[in-house]
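Taking it in order: structure first as structure tokens, then the write-up.
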Amino acid sequence: MSVARFWRETPRRYNLGGSKCTTCGTVYFPPRSVCPECTSHRQSIEKMVPFQLSGDGEVLSYTVVHDAAEGFEMQVPYVVALVQTVEGPVLTGQVVNIEPDGVRIGLKVRATFRKLREEGKAGVIHYGYKFAPAEDPPVRPPAGRPAGVPVSEAPARDRAPA
Amino acid sequence: MEAGIVSYGAYVPRYRITPTEIGRVWGADGEGMGQGLNVHRKSVPAPDEDTITISTEALRTALVRGAIDPQQIGALYVGSESHPYAVKPTATVVAQAVGATPNLTAADFEFACKAGTAAIQTCLGLVGAGMIRYGVAIGTDTSQGAPGDALEYSASAGGAAFVVGRERVICRVLRTLSYTTDTPDFWRREGQKYPSHGGRFTGEPAYFRHVTECARRTMEASGTSPKDYRHVVFHQPNGKFPQRVGKQLGFSDDQMRYGLVTPYIGNTYSGAALIGLANVLDHAGPGERILMVGYGSGAGSDAFDLETTDELGRYDASFGRPVQEYLDQGVEISYAVYAKFRGKIHMGEA
Numbered sequence: 598m599s600v601a602r603f604w605r606e607t608p609r610r611y612n613l614g615g616s617k618c619t620t621c622g623t624v625y626f627p628p629r630s631v632c633p634e635c636t637s638h639r640q641s642i643e644k645m646v647p648f649q650l651s652g653d654g655e656v657l658s659y660t661v662v663h664d665a666a667e668g669f670e671m672q673v674p675y676v677v678a679l680v681q682t683v684e685g686p687v688l689t690g691q692v693v694n695i696e697p698d699g700v701r702i703g704l705k706v707r708a709t710f711r712k713l714r715e716e717g718k719a720g721v722i723h724y725g726y727k728f729a730p731a732e733d734p735p736v737r738p739p740a741g742r743p744a745g746v747p748v749s750e751a752p753a754r755d756r757a758p759a
Numbered sequence: 027m028e029a030g031i032v033s034y035g036a037y038v039p040r041y042r043i044t045p046t047e048i049g050r051v052w053g054a055d056g057e058g059m060g061q062g063l064n065v066h067r068k069s070v071p072a073p074d075e076d077t078i079t080i081s082t083e084a085l086r087t088a089l090v091r092g093a094i095d096p097q098q099i100g101a102l103y104v105g106s107e108s109h110p111y112a113v114k115p116t117a118t119v120v121a122q123a124v125g126a127t128p129n130l131t132a133a134d135f136e137f138a139c140k141a142g143t144a145a146i147q148t149c150l151g152l153v154g155a156g157m158i159r160y161g162v163a164i165g166t167d168t169s170q171g172a173p174g175d176a177l178e179y180s181a182s183a184g185g186a187a188f189v190v191g192r193e194r195v196i197c198r199v200l201r202t203l204s205y206t207t208d209t210p211d212f213w214r215r216e217g218q219k220y221p222s223h224g225g226r227f228t229g230e231p232a233y234f235r236h237v238t239e240c241a242r243r244t245m246e247a248s249g250t251s252p253k254d255y256r257h258v259v260f261h262q263p264n265g266k267f268p269q270r271v272g273k274q275l276g277f278s279d280d281q282m283r284y285g286l287v288t289p290y291i292g293n294t295y296s297g298a299a300l301i302g303l304a305n306v307l308d309h310a311g312p313g314e315r316i317l318m319v320g321y322g323s324g325a326g327s328d329a330f331d332l333e334t335t336d337e338l339g340r341y342d343a344s345f346g347r348p349v350q351e352y353l354d355q356g357v358e359i360s361y362a363v364y365a366k367f368r369g370k371i372h373m374g375e376a
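Going down the list, the sequences are from chains A and B.
Take the first sequence: its position 61, counted from the start at 1, is 658 in my numbering, and no numbers get skipped.
Take the second sequence: its position 157, counted from the start at 1, is 183 in my numbering, and no numbers get skipped.
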């Protein structure tokens, strides 16, 4: 994708910038300049205003991708879902911060900001929205001591700080 | 009203790896290394996370918690030593992603691990002078140690964002003082993937001298002693150095309790002291005095004499995760998955 093309889509990809019809209230993502819901499309002309989605929604349906799209090889298997946003539009997006077997229809999700792809090692890096569970996903507690408890002095061994 | 902290947010990626697992691969005593460093696990970013995404998550949390209109942000600085671009500011992407553009000044800061605290000082100056309404200072890193190097056992990823302003201040900044010298304890030359360090030289003449001097001079200027502080936060390249410097200065384990997060998430470099401060604020009540001393190799320390206000009692930190959850939770991965996530596996040319 060319640098200019992605840059033009930045408001959508970074901030879920859609549009809203001030005549009937329907929200669109990606943004539309005319409202197909209004009985006469002409009614909505010049009455569409920019509208930013909150990023909150729930999984309407999903699939687990094992054969990665280019640039996503490191993330296999990953989840791509149709997300029903609270404002109305249904978005397609990757669901991260959860294992594939933890995803279910109806899972509450929230938009998160992630790296989408890189144009090789020297090219531009594209960022945008993905989705993550809105509530804490079940996770295995890691090994080690419980957090927030001071750890007593162990034998000193200097290592490099930064 | 003076400039102070009006909101904050932290973010730590969800994956974790233990020193034992790292040592297993390199034939080293990983468990002993972890105990020596007082690091039980470190965070690992997912392949689609970097300093820009972590900074954005932390700042979005801070803006929602403080109910701050991003258009009122007049300055946004991101301190890191792992900016995704060598040329193209991290701060521009973060500013766009939170809706703060275009009426603001933005820049990336770099001073090893104290770039985030330096950014807070800059924001205090701009807000205090009345030039801007809100200033944002972020400290984030996704640093790496060379495979098998001592740094690999601790170098992790995470960040925290602080919003500086004059209205609804939850934590006053009573004083900030810095101590800076030319000390080559740790560096990374242009174009090099992994940093180099002076081994034991990074201890006494670097970390300990700067942190101790900076803390002592700050308390001297404020007319305080360790007993005047409820909490203390030090830069924490591992879990050991801050404990030792705290004892040297006369602070107790209880005062360091919430400010020490590295044992559970590793060394987040520019994020380390700031995530520690975020955890302290998560647990603190109004009217508690806090001393924070950052450290960046090269070298310098920034100290902050802080005091929480009554406004902290009204502050709604329910959005986003408290730091404690990042310390308690996480998904453990093997060294092989870690190597894949961190780009340490050669994939061949496409």
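Just so you know, even glycine gets a beta-carbon here, dropped at the ideal spot from N, CA and C.
All figures in this text were calculated on a predicted structure; none of them were measured in a lab.
Taking residue i as the query, report the chain A residues whose CB atoms sit under 9 Å from its CB, ordered along the chain.
i                 : result
Pro115 of chain B : Here the premise fails: no neighbours, minimum Cβ distance about 13 Å.
Lys366 of chain B : Met671
Is it right to say residue i is buried, meaning 16 or more other beta carbons lie within 10 angstroms of its own, or is it exposed?
i                 : result
Arg639 of chain A : exposed
Ala84 of chain B  : buried
His372 of chain B : exposed
Arg161 of chain B : Sequence check: residue 161 of chain B is Gly here, not Arg. So Gly161 of chain B ends up on the buried side.
Ser251 of chain B : exposed
Asn129 of chain B : exposed
Met157 of chain B : exposed
Ile196 of chain B : buried
Ile702 of chain A : exposed
Lys712 of chain A : buried
Ala88 of chain B  : buried
Val646 of chain A : exposed
Ser599 of chain A : exposed
Glu358 of chain B : buried
Tyr41 of chain B  : buried
Gly276 of chain B : exposed
The alpha helix (DSSP H) with residue i in it runs from where to where?
i                 : result
His309 of chain B : Ala298 to His309
Pro608 of chain A : Thr607 to Asn612
Pro268 of chain B : Lys266 to Leu275
Leu85 of chain B  : Thr77 to Arg91
Met318 of chain B : No alpha helix (DSSP H) holds Met318 of chain B; the beta strand (DSSP E) holding it covers Arg315 to Gly322.
Arg283 of chain B : Premise fails: Arg283 of chain B is in no alpha helix (DSSP H) and is neither H nor E.
Ser248 of chain B : Arg235 to Ser248
Leu152 of chain B : Ala141 to Gly154
Lys366 of chain B : Tyr361 to Phe367
Val51 of chain B  : Pro45 to Trp52
From the DSSP secondary-structure annotation, give me the bridge partner or partners of residue i.
i                 : result
Thr116 of chain B : Looking at the DSSP assignment, Thr116 of chain B forms no beta bridge with any residue, so it has no partner.
Gly690 of chain A : A:Ala678
Ala7 of chain B   : Here chain B has residues from 27 to 376 only, and residue 7 of chain B is not among them.
Gly615 of chain A : A:Phe648
Ser344 of chain B : Its beta-bridge partners do not exist; DSSP assigns none.
Tyr726 of chain A : A:Phe710
Arg42 of chain B  : B:Ser69 and B:Glu358
Please look up how many angstroms separate the CB atoms of residue i and residue j, rounded, as I've assumed it's under 8 Å.
i                 : j                 : result
Val70 of chain B  : Pro39 of chain B  : 6 Å
Val120 of chain B : Phe330 of chain B : In fact, because the Cβ distance is near 22 Å, the residues do not count as touching under 8 Å.
Asp308 of chain B : Val259 of chain B : The Cβ separation is near 12 Å, so there is no contact.
Thr228 of chain B : Gly324 of chain B : That belief does not hold up - the Cβ atoms of Thr228 of chain B and Gly324 of chain B are roughly 11 Å apart, past 8 Å.
Thr607 of chain A : Leu650 of chain A : Their Cβ separation, rounded to whole angstroms, is 15 Å, which puts Thr607 of chain A and Leu650 of chain A out of contact at 8 Å.
Ser641 of chain A : Pro628 of chain A : At roughly 12 Å, the Cβ-Cβ gap does not stay under 8 Å, so Ser641 of chain A and Pro628 of chain A are not in contact.
Leu203 of chain B : Ala247 of chain B : 6 Å
Glu655 of chain A : Val680 of chain A : 7 Å
Gly339 of chain B : Pro312 of chain B : 5 Å
Ala12 of chain B  : Leu152 of chain B : Only positions 27 to 376 of chain B appear in the structure, and residue 12 of chain B is not among them; the question remains open.
For residue i, which residues in chain A fall below 8 Å Cβ to Cβ?
i                 : result
Ala310 of chain B : Per Cβ cutoff of 8 Å: no residues; Ala310 of chain B is ~14 Å from chain A at best.
Arg194 of chain B : Near Arg194 of chain B there are no residues of chain A at all, since even the closest Cβ is about 23 Å away, more than 8 Å.
Under 9 Å Cβ-Cβ, which residues of chain B neighbour residue i?
i                 : result
Ile722 of chain A : Asp76, Ile78, Pro110, Tyr111, Lys114 and Val119
Kindly list, in the order they appear in chain A, the residues whose Cβ is closer than 7 Å to that of residue i.
i                 : result
Gly125 of chain B : Asn612
Ala72 of chain B  : Val693
Glu83 of chain B  : Thr709 and Phe710
Which residues mark the beginning and the end of the beta strand (DSSP E) in which residue i is found?
i                 : result
Tyr675 of chain A : Tyr675 to Thr682
Met645 of chain A : Met645 to Gln649
His257 of chain B : His257 to Phe260
Leu63 of chain B  : Looking at the DSSP string, Leu63 of chain B is not in any beta strand (DSSP E); the run it does join, the alpha helix (DSSP H), is Gly56 to Leu63.
Phe135 of chain B : Thr131 to Phe135
Arg340 of chain B : Unbroken run through Arg340 of chain B is the alpha helix (DSSP H), Glu337 to Arg340; no beta strand (DSSP E).
Asp211 of chain B : Looking at the DSSP string, Asp211 of chain B is not in any beta strand (DSSP E), and its letter there is neither H nor E.
Leu704 of chain A : Where Leu704 of chain A is concerned, there is no enclosing beta strand (DSSP E), given that its DSSP letter is neither H nor E.
Ser182 of chain B : No beta strand (DSSP E) holds Ser182 of chain B; DSSP gives it neither H nor E.
Val661 of chain A : Asp653 to Val662
Leu177 of chain B : First-last for Leu177 of chain B: undefined, no H or E at that position.
In chain B, which residues lie less than 7 Å from residue i when you measure between Cβ atoms?
i                 : result
Thr636 of chain A : Near Thr636 of chain A there are no residues of chain B at all, since even the closest Cβ is about 34 Å away, more than 7 Å.
Starting from residue i, find everything on chain B with Cβ-Cβ shorter than 8 Å and list it in chain order.
i                 : result
Thr607 of chain A : Gln122
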